[in-house]
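In the working numbering, the protein residues as written are 13 to 441.
In what follows, a single structure is set out as structure tokens and then discussed.
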Ligand SMILES: Cc1cc2nc3c(=O)[nH]c(=O)nc-3n(C[C@H](O)[C@H](O)[C@H](O)COP(=O)(O)OP(=O)(O)OC[C@H]3O[C@@H](n4cnc5c(N)ncnc54)[C@H](O)[C@@H]3O)c2cc1C
């Protein structure tokens with residue numbers, strides 16, 4: 013029996029790997045010419061062998077499945093980093109990020125100003141905690157944060173989850189569990205997908221347009237042909253999945269879950285600068301700003317250069333499609349953080365929202381675990397995976413990997429059940 017997997021991002025390759033290890037027939041159809049989906053690295057734009065991580069960069073403590081995969085496969089992690097300090101008080105919260113390196117109005121905020129803002133936000137979080145579905149903007153308005161604390165608190169949504177504050181659930185940033193203790197991968201993030209995909213049967217430039225069910229199983233129509241399978245694991249993002257036709261149409265509960273799962277909107281801006289050590293010493297490990305170059309971090313690269321990687325929410329002003337303007341903005345913010353004018357030698361901007369097979373950055377947290385379970389539920393032989401279906405580490409790489417393995421286990425469970433039914437029948441015969 014054969015399983016087809018739609019998508020060669022982390023969910024897809026880890027699903028395929030698990031099925032292959034169990035001796036199953038499995039193949040992957042990938043729409044683009046790239047492996048790794050939202051972890052893809054750009055190998056063209058930067059200099060001195062640097063690879064620009066267009067999507068994910070950070071492995072956080074707690075992404076245990078991936079951390080153990082790195083260990084087992086001798087994949088090197090860079091230095092452990094805390095992107096912002098613990099506090100206020102001995103804990104992490106949505107206010108903690110304000111204690112890190114923050115640039116407002118083109119100038120770095122002094123330590124006492126950051127402590128004051130963080131304390132104001134912390135007081136409000138303690139006395140009037142945000143509701144589950146309340147957006148960051150709605151909460152900040154409801155509790156009446158003073159203007160400078162309001163701006164400082166709400167700007168972190170541009171980094172995590174790369175979205176505007178009015179579109180981001182408070183749940184996503186409070187408590188801020190991304191960036192406390194984390195690692196960048198040496199080289200590029202897509203080493204994970206490349207290593208996991210070794211030996212797999214993957215066809216590129218094969219966007220699946222229609223999945224139809226017939227008496228002999230499923231038929232998958234792509235731009236290049238037709239494939240057959242007994243089970244299908246769908247790992248495309250929410251917006252990409254909505255673009256696939258299903259015959260018969262998906263049941264209403266599944267369609268509703270897909271329609272009620274918005275994706276955050278934005279991309280990445282990446283600049284490579286000379287005097288890398290000097291910039292990192294002055295400004296690293298990360299800088300939060302009140303501009304569209306929301307938050308960026310510093311990765312040492314060859315010939316004493318530093319690659320600065322920043323998240324950029326789609327503010328609707330066209331900046332994500334104007335590379336020169338976006339990079340100029342990044343230059344100005346790096347200058348403010350470092351305290352001198354840096355010389356940029358390369359750079360690029362990647363807009364995830366406008367990519368046909370992605371349609372955004374990650375799924376929104378609004379709706380929480382209950383909706384994710386509906387997103388993950390199988391429909392006959394159609395099994396759903398990908399970060400949007402993850403119940404642990406949803407939206408992150410870890411959630412994608414676990415979801416792929418969960419879907420593969422569902423298929424393996426079906427096969428076992430089938431063998432259990434067939435075996436006694438044969439014995440009786
Ligand atoms: C800017 C950015 C920063 C991020 N930062 C981090 C971070 O620091 N740490 C972290 O843990 N996570 C981060 N993430 C999230 C992480 O990248 C994702 O959660 C994860 O990579 C998603 O993997 P996936 O397999 O679910 O989906 P994807 O990576 O989207 O893979 C799905 C694949 O399906 C393909 N596809 C889509 N439609 C079709 C079709 N019709 N037919 C065939 N193939 C199709 C796509 O081309 C894609 O390759 C970030 C994401 C972005 C975009």
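C-beta: ideal position from N, C-alpha, C; glycine also.
Mind checking whether residue i and residue j have CB atoms under 9 Å apart?
i, j, result
"residue 386", "residue 209", "no"
"residue 307", "residue 392", "no"
"residue 367", "residue 299", "no"
"residue 137", "residue 178", "no"
"residue 21", "residue 247", "yes"
"residue 328", "residue 280", "no"
"residue 39", "residue 17", "yes"
"residue 155", "residue 348", "no"
"residue 204", "residue 87", "yes"
"residue 147", "residue 181", "yes"
"residue 402", "residue 384", "yes"
"residue 269", "residue 370", "no"
"residue 176", "residue 144", "no"
"residue 100", "residue 119", "no"
"residue 30", "residue 420", "yes"
"residue 278", "residue 326", "yes"
"residue 423", "residue 395", "yes"
"residue 341", "residue 305", "yes"
"residue 52", "residue 194", "no"
"residue 41", "residue 61", "no"
"residue 310", "residue 44", "no"
"residue 429", "residue 415", "no"
"residue 207", "residue 85", "yes"
"residue 410", "residue 189", "no"
"residue 296", "residue 32", "no"
"residue 418", "residue 388", "yes"
Can you give the beta carbon distance from residue i to residue j, rounded, assuming they're within the 8 Å contact cut?
i, j, result
"residue 173", "residue 285", "Going by Cβ atoms, the distance from residue 173 to residue 285 rounds to 26 Å, so no, they are not a contact pair."
"residue 244", "residue 275", "Rounded, the Cβ-Cβ distance is 22 Å, inconsistent with contact."
"residue 259", "residue 222", "7 Å"
"residue 197", "residue 413", "The pair is not a contact, with the Cβ atoms about 14 Å apart (cut-off 8 Å)."
"residue 191", "residue 70", "7 Å"
"residue 187", "residue 96", "With 8 Å as the limit, residue 187 and residue 96 do not qualify as a contact, their Cβ atoms being about 12 Å apart."
"residue 110", "residue 164", "5 Å"
State buried or exposed for residue i, treating a residue as buried only when at least 16 other CB atoms are found within 10 Å of its CB.
i, result
"residue 399", "buried"
"residue 241", "buried"
"residue 238", "exposed"
"residue 315", "exposed"
"residue 65", "buried"
"residue 302", "buried"
"residue 27", "buried"
"residue 236", "exposed"
"residue 289", "exposed"
"residue 405", "buried"
"residue 59", "exposed"
"residue 139", "exposed"
"residue 431", "exposed"
"residue 67", "buried"
"residue 123", "exposed"
"residue 352", "exposed"
"residue 92", "exposed"
"residue 343", "buried"
"residue 359", "buried"
"residue 291", "buried"
"residue 126", "buried"
"residue 425", "exposed"
"residue 55", "exposed"
"residue 364", "buried"
"residue 121", "buried"
"residue 219", "buried"
Of all Cβ atoms in chain B, is any one closer than 9 Å to the Cβ of residue i?
i, result
"residue 194", "Structure shown: chain B not included; a single protein chain is present."
Quiz item: Where in the stretch 281–309 do unbroken runs of the alpha helix (DSSP H), each at least 4 residues long, occur, reported from the N-terminal end onward?
Solution: 288–295
Practice problem: With a floor of 4 residues, list each alpha helix (DSSP H) that falls wholly inside the stretch 160–240, ordered by position along the chain. | Solution: 182–185 and 203–208
Practice problem: Tell me the start and end of each unbroken alpha helix (DSSP H) in the stretch 45–120 that is at least 4 residues and wholly inside, in chain order. | Solution: 76–84
Practice problem: Please specify which runs of the beta strand (DSSP E), each continuous and at least 3 residues long, are wholly inside the stretch 377–430, giving them in chain order. | Solution: 394–396
Self-check item: Secondary structure, beta strand (DSSP E): runs of 3+ residues fully inside the stretch 313–337
Solution: 317–325
Exercise. Return the chain-ordered ranges of every alpha helix (DSSP H) run that is complete within the stretch 257–282 and spans a minimum of 4 residues.
Key: 264–271
Quiz item: Enumerated in chain order, which unbroken segments of the beta strand (DSSP E) with a length of 3 residues or greater are wholly contained in the stretch 333–371?
Solution: 356–363
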